[in-house]
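Heads up, the thing below is written out as C-alpha cells.
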Amino acid sequence: MSLGNRQSVSNLPFCRFIHSYPPGGDSLFNTTELSKSRVVFYQGHRYDLFVRKFFFGVLAATLLIIGIGIFYSTKSSKNALGLPSGYEYYWSTTCPHCAKVQEFIDSWEGTAKISLEKKEINSPANSNLLVRRASSCNISVNDVGVPFLFTPEGKCILGDEPIIEYLKGLKI
0 MSLGNRQSVS NLPFCRFIHS YPPGGDSLFN TTELSKSRVV FYQGHRYDLF VRKFFFGVLA
60 ATLLIIGIGI FYSTKSSKNA LGLPSGYEYY WSTTCPHCAK VQEFIDSWEG TAKISLEKKE
120 INSPANSNLL VRRASSCNIS VNDVGVPFLF TPEGKCILGD EPIIEYLKGL KI
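Residue numbers (numbering that gives the first Met the number 0): 0 to 171.
Here it is, written out as C-alpha cells:
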C-alpha cells in the first residue's frame, strides 16, 4: 500500500508499520534510513466492533454461568441436610410449653402410629440441628425456640398449641 512518501509493510487490521523514505527512495530495500520507522495504531471500525461484541458476549455468558451456579448451590445447600423419615420434635427440660406438648404426646393414641424422634436441645448437636432445620424454613436464628416440630415434608411448626393442633389433625 503506497502512502506517498511512506509505505505500509504490515496488513494487520489493528496496526500499520509505516516507514518514511528519504527523497528519491522508492522502496524499503534501497534505503538505509529505517530510523524514521514508526508504528501507527488505529481502530478499524468493523474489527473494533467485533472485538467489543465478542468480549461482552463472553463476559455475559460467564456471568450467567456463575449466577446459575450460585443459585443452584444455595438451593442444594438448603436441602443438603435432607428430610427426615419421621417427625423430629425439639424440646427442653426447662420449657413449660414443651411440658404441655409432652403431656399431649403421652396421652395421644397416634403416638405409636407415627415415627416421632424427640431431641433435647441441651445437646450441642441437637441444638445445631434445630437451627439448621429452622433455617430451611426461613426462620431466623433469633426466632428459633422450643417446642419445635419438623415434619417429613419439611414443614416447621413452632409453639405448643400449633404443634398439638397439627398432631390432632394428622390422618393416621
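Positions of the beta carbon are idealized from the N, C-alpha and C atoms, including for glycine.
**OP:** Please determine, among Ser134, Gly153, Leu157, the residue with the shortest C-alpha to C-alpha distance to Gly144.
**Re:** Leu157
Original post:
For Ser34, is the classification buried or exposed, using 16 other Cβ atoms within 10 angstroms of its Cβ as the cut-off for buried?
Top reply: Note that Ser34 scores a pLDDT of 46, beneath 50, so its modelled location is shaky and nothing firm can be said.
Subject >> Where Cys155 sits in the DSSP three-state scheme >> reply: strand
Subject >> Distance CB(Glu116)-CB(Tyr86) smaller than 8 Å >> reply: yes
Subject >> Cβ shell of Asn125 (< 8 Å), same chain only, five flanking positions each side left out >> reply: Tyr89, Lys118, Glu119
Subject >> Beta carbon of Pro151 nearer than 8 Å to that of Leu82 >> reply: yes
Original post:
Less than 8 Å separating the beta-carbons of Leu169 and Ile113?
Top reply: yes
Original post:
Does the Cβ of Lys112 lie closer than 7 Å to at least one heavy atom of the ligand MN?
Top reply: The model depicted lacks the ligand MN and carries no ligand whatsoever.
Subject >> Span separating the alpha-carbon of Leu128 from that of Thr92 >> reply: 18 Å
**OP:** Indicate whether Ile162 and Leu148 have their beta-carbon atoms separated by less than 8 Å.
**Re:** yes
Subject >> Identity of the residues DSSP links to Glu119 by a beta bridge >> reply: Trp90
Subject >> Reduced DSSP category for Leu169 - H, G, I as helix; E, B as strand; rest coil >> reply: coil
Subject >> Cα-Cα separation between Thr110 and Gly66, rounded to whole angstroms >> reply: 46 Å
**OP:** Using 10 angstroms around the beta-carbon of Arg132, count the other beta-carbons present and answer buried if the total reaches 16, otherwise exposed.
**Re:** buried
Original post:
Which class does Leu82 belong to by DSSP, given the choice of helix, strand or coil?
Top reply: coil
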